[in-house]
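Colleague: Letter by letter, the sequence shown follows residues 5 to 81 of this note's numbering.
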Amino acid sequence: MKLLEGKVALVTGASRGIGRGIAKKFAEQGAHVAFTYLSSVEKGAELEKELASYGVKAKGYRSDAGDFKAADELVNA
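1. On the three-state DSSP scale, how would you describe glycine 48?
2. In three-state terms, what does DSSP make of leucine 14?
3. I need the straight-line Cα distance from glycine 70 to lysine 61, nearest angstrom please.
4. By how many angstroms is the C-alpha of leucine 55 removed from the C-alpha of lysine 47?
5. To the nearest whole angstrom, what separates the beta carbons of aspartate 68 and leucine 51, a pair I think is in contact under 8 Å?
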């Protein structure tokens, strides 16, 4: 059993850099991952496929984590 198997993680800014690395680590450890990206739909779709290859559910949402209203809508979606 993996450390985070059956858990769900929400990672903001996951389409690149540190956020992407964090999302991958969560998936490697068995967590299903919901993540946000700001502009690149292509990078979001690419990351969904990459995370799913670890055998977890992955879903990207276009959202600006710096915008309180957008963040609130994401959490309550």
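Backbone N, C-alpha and C define an ideal beta-carbon position, used for all residues, glycine too.
Modeller: Per the coordinate set shown:
1. Position 44 of the sequence shown, counted from the start, is the residue given in the question as residue 48. Three-state DSSP puts glycine 48 in a helix.
2. What you label residue 14 is simply residue 10 of the sequence shown in a count that begins at 1. Three-state result, leucine 14: strand.
3. On the sequence shown, position 66 is the one that residue 70 refers to. On the sequence shown, position 57 is the one that residue 61 refers to. Cα to Cα, glycine 70 sits roughly 25 Å from lysine 61.
4. By 1-based counting over the sequence shown, the position of residue 47 is 43. By 1-based counting over the sequence shown, the position of residue 55 is 51. Approximately 12 Å between the Cα atoms of the pair.
5. Within the sequence shown, the letter at position 64 stands for residue 68. Within the sequence shown, the letter at position 47 stands for residue 51. Going by Cβ atoms, the distance from aspartate 68 to leucine 51 rounds to 17 Å, so no, they are not a contact pair.
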